[in-house]
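Below is one structure, written out as structure tokens, with a few remarks after it.
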């Protein structure tokens, strides 16, 4: 009996202690450990841990609480509720899928006024979300890719194009922005043809796309569907060129179709030029985890956590506790101010406590946050050169 | 073919047929696409129709039998003929001679697998007098398990049979025919006719139909109904495997979800054509293919399924048992 009482006392004491363990700032993550994108989440969590480790080594006091968003709006919304209401985090890094991020924002973070930064959601729909300036991202919107792709098409001398796009927000958004820009630059876009994923044949869709004899067809799909229609186009006698996007940037697909047929053709994908920030981040990541950050969006996750931590330091310096908003984020992320990179956290925190302005230059880009909460990071232009997908070394902003 | 005359008498159906003819006249290349793609659906739906009609449940695992057969054929090919990537292809088609050798092997493996699955699962369900809905749900579980097994063994990446790229046949009126698709269509027609003859002109067919109509009565007349059911599964497995391999040759791609993805048009084809009739499955598949592809000429191609389900709705409203369905049968 006595034993039982002690046990209850000890557990409740532990519970109370854990609830008020730290007076410092808290960052929650809402990344995918399970579900379709389950493979992408854990390395991004590592990126966030690395960022917070750097801040704490420099004299900060930030705790990270990881939660699984399960590539599912339901799981993620519940997890976000726990982060906000029980853990009382001051900001969240997440989620990956655009649909999940939007669901979490609308159900939880916008009503609670909590800042959320997505490292990977690229849908243009997030820009126009009615969010009271609380939803941000460190990755570039697909709107930027469409614009850069259209400019590239004009530069390569194409005048008449068609698009074949996967019938979802990703494909439709890209195709719309690409064709509008292409036409405003003087080209003409004959057909924009949506298609369902993974069908046995796309003959009729192709007939529609080649109806106006385009000199280039842009493949805005995922590899398993594009493999079918690209082959049918080539074997059906189409002799024009192709252009590609991040969804069709897949070496295996080109190899199976016969990569020689695509030699010299171009594509785009979100990407940042090699920079001091990027190489500092890579070596720090390798030192901590024993491997290079080769998965996508790790740098974006790292930048998100750094921006949240710096914004909290700014809020603390201003006497607002750890409560951050769009203004404190833009203060640390945007020019003017002294430029700081991933390796300068001590300097950044010192400058902030002295009341000076800083401008964080991130791993995934300059991270200048605009009025919609978007960043204008760069789009990489790549081509197929010698049978391999090769970066042209050109990184453009829209 | 009296039943077709009855269909032509109906005003609504005549109207649909007139619309289809007009659309085909305006864009003949879409009609050809429809026939070719429809015949791929026919190919898969003949086996599905056989099982649906005679064992009286919707076999959700049919699509995954198709996928599994492709992976087994691919593995056999890699194992028995590691150099097939460099060998010559058959006539005007893209596939290699080696495929024709491993295909019967893979097809028979799937046939026996279907028989074994019946002994392990479906026979027990029949003994428990499970409803057809319960058996169909069980086949759904089987479908998910087979797909999981495929992803576990072969991974989630796509694969393909060794092939030699060939240009499509270029005909007037913007009509282009992929040689492989033409091959699939011919095979679909041959299989439909053979199984129509087996089912309606042989004693085995008579026994199959008797077993499906009334198992008890069939048993009394001396038919070994257990054996007949095994024959049905074996033939169903063989048909699924043939369709699976030919479709993956045609699309030059094998993915773990290919069979599952094609299952909805297959069911539509079976129901439109009349459950249990091989010629019905052939006609149903081609009708669905034609209406879906013709519609892409005027509306967004991603609405194809909506178009052929609309056709399905109309056909069922006018003929609740499908175009060639037997009036006496209830499902």
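Chains as they are written, first to last, in the working numbering: chain H, 82 to 479; chain G, 442 to 772.
C-beta atoms are modelled at their ideal positions from N, C-alpha and C, and glycine is treated no differently.
Stretch pair the segment 666–686 of chain G + the segment 449–463 of chain G: three plus CB contacts closer than 8 angstroms:
In short, these stretches do not touch, since the Cβ pair count stays below three.
Of all the alpha helix (DSSP H) runs that stay within the bounds of the segment 497–554 of chain G, which reach a length of 4 or more residues?
Counting whole runs of 4 or more residues, the segment 497–554 of chain G contains the alpha helix (DSSP H) stretches 503–521.
Mind pulling the chain G residues with CB within less than 7 angstroms of residue 274 (chain H)?
Near residue 274 (chain H) (Cβ distances below 7 angstroms), the residues of chain G are 742.
Looking at residue 450 (chain H) and residue 477 (chain H), is the spacing between their C-beta atoms short of 7 angstroms?
Contact: no.
Out of H:401, H:446, H:282, which one is the CA nearest neighbour of residue 415 (chain H)?
Among H:401, H:446, H:282, the Cα nearest to that of residue 415 (chain H) belongs to H:446.
Using 7 angstroms as the threshold, is the C-beta distance between residue 685 (chain G) and residue 507 (chain G) below it?
Closer than 7 angstroms, so yes.
Excluding sequence positions up to five away, which residues of its chain have a Cβ less than 8 angstroms from the Cβ of residue 765 (chain G)?
Excluding residues within five positions, the ones whose Cβ falls inside 8 angstroms are 444, 714, 715, 718, 720, 721, 724.
So is residue 473 (chain H) buried or exposed if we call it buried at 16+ other beta carbons inside 10 Å?
Residue 473 (chain H) is classed as exposed because its beta carbon has fewer than 16 other beta carbons within 10 Å across all chains shown.
According to DSSP, which residues form a beta bridge with residue 419 (chain H)?
Within the DSSP secondary-structure output, residue 419 (chain H) pairs in a beta bridge with H:439.
Would a C-beta distance cut-off of 7 angstroms place residue 605 (chain G) and residue 689 (chain G) closer than the cut-off?
Contact flag unset, no.
Over the uninterrupted beta strand (DSSP E) stretch that includes residue 367 (chain H), give me the two end residues.
That residue, residue 367 (chain H), is in no beta strand (DSSP E); its alpha helix (DSSP H) goes 357–370.
Based on the DSSP secondary-structure assignment, which residues constitute the bridge partners of residue 449 (chain H)?
The bridge partners DSSP lists for residue 449 (chain H) come to none.
What residue does the alpha helix (DSSP H) around residue 385 (chain H) start on, and which one ends it?
Where residue 385 (chain H) is concerned, the enclosing alpha helix (DSSP H) starts and stops at 379–398.
Anyone know if the C-beta pair for residue 131 (chain H) and residue 359 (chain H) falls short of 7 angstroms?
Cβ distance not < 7 angstroms, so residue 131 (chain H) and residue 359 (chain H) don't count as in contact.
Please go through the same chain and pick out, in chain order, the residues whose beta-carbon is closer than 7 angstroms to the beta-carbon of residue 615 (chain G), but skip the five residues on each side of it.
Cβ within range, chain order: 470.
Please confirm if residue 509 (chain G) has its CB atom under 7 angstroms from at least one CB of chain H.
No, no contact with chain H.
Return the residue from the list G:747, G:739, G:744 that minimises the CA-CA distance to residue 467 (chain G).
Looking at the Cα atoms, G:739 is the closest of the given residues.
Same chain, Cβ closer than 8 angstroms to residue 769 (chain G), five either side skipped, listed in chain order:
In this prediction, residue 769 (chain G) has a pLDDT of 48, which is less than 50 and means its spatial position is unreliable; nothing more can be read from the coordinates.
If you measure from the beta carbon of residue 295 (chain H) to each beta carbon in chain G, is any gap under 7 angstroms?
No - not a single Cβ of chain G is within 7 angstroms of the one on residue 295 (chain H).
Listing by chain order, which chain G residues have their CB less than 7 angstroms from the CB of residue 256 (chain H)?
Those within 7 angstroms of residue 256 (chain H) in chain G number zero; the least Cβ separation is about 12 angstroms.
Bridge partners for residue 172 (chain H) per DSSP, in chain order?
Paired residue(s): H:108, H:196.
Using DSSP's beta-bridge definition, name the partner residues of residue 477 (chain H).
Residue pairing for residue 477 (chain H): DSSP places it in a beta bridge opposite H:460.
Classify residue 520 (chain G): buried if its beta carbon has 16 or more other beta carbons within 10 angstroms, exposed otherwise.
Result: exposed.
Using a threshold of 7 angstroms, state whether the C-beta atoms of residue 439 (chain H) and residue 418 (chain H) are closer than that.
The answer is yes: Cβ separation under 7 angstroms.
List the DSSP bridge partners of residue 270 (chain H).
Checking the DSSP bridge columns, you'll see residue 270 (chain H) partnered with H:242.
Cutoff 7 angstroms: residue 317 (chain H) Cβ touching any chain G Cβ
Closer than 7 angstroms: yes.
Relative to chain G, which residues along the segment 315–341 of chain H have a C-beta separation below 9 angstroms, given in chain order?
Within the segment 315–341 of chain H, contact with chain G at the beta-carbon level (separation under 9 angstroms) is assigned to 315, 316, 317, 318, 333, 334, 337, 338, 339.
Residue interval of the beta strand (DSSP E) (run including residue 351 (chain H)):
Counted as a single uninterrupted DSSP element, the beta strand (DSSP E) harbouring residue 351 (chain H) occupies residues 347–351.
Opposite residue 276 (chain H) in the DSSP bridges: which residues?
Under DSSP, the beta-bridge partners assigned to residue 276 (chain H) are H:247.
DSSP three-state assignment for residue 693 (chain G), whether helix, strand or coil:
Under the three-state reduction of DSSP, residue 693 (chain G) is assigned to coil, being neither helix nor strand.
At the level of alpha carbons, what is the spacing between residue 376 (chain H) and residue 363 (chain H)?
One C-alpha to the other measures close to 12 angstroms.
Helix, strand or coil for residue 472 (chain H) per DSSP?
Three-state DSSP puts residue 472 (chain H) in a strand.
Looking at the C-beta of residue 737 (chain G), does it have a partner C-beta in chain H at a distance below 7 angstroms?
With a threshold of 7 angstroms between beta carbons, residue 737 (chain G) makes contact with chain H.
With distance defined between alpha-carbon atoms, name the residue in G:562, G:582, G:570 nearest to residue 656 (chain G).
The shortest C-alpha to C-alpha distance from residue 656 (chain G) to any of G:562, G:582, G:570 is the one to G:570.
Strictly under 7 angstroms for the Cβ-Cβ distance: is residue 527 (chain G) near chain H by that measure?
Not one chain H Cβ lies under 7 angstroms of residue 527 (chain G).
Chain G contact residues for residue 305 (chain H), given Cβ-Cβ distances below 8 angstroms:
In chain order: 599, 694, 696.
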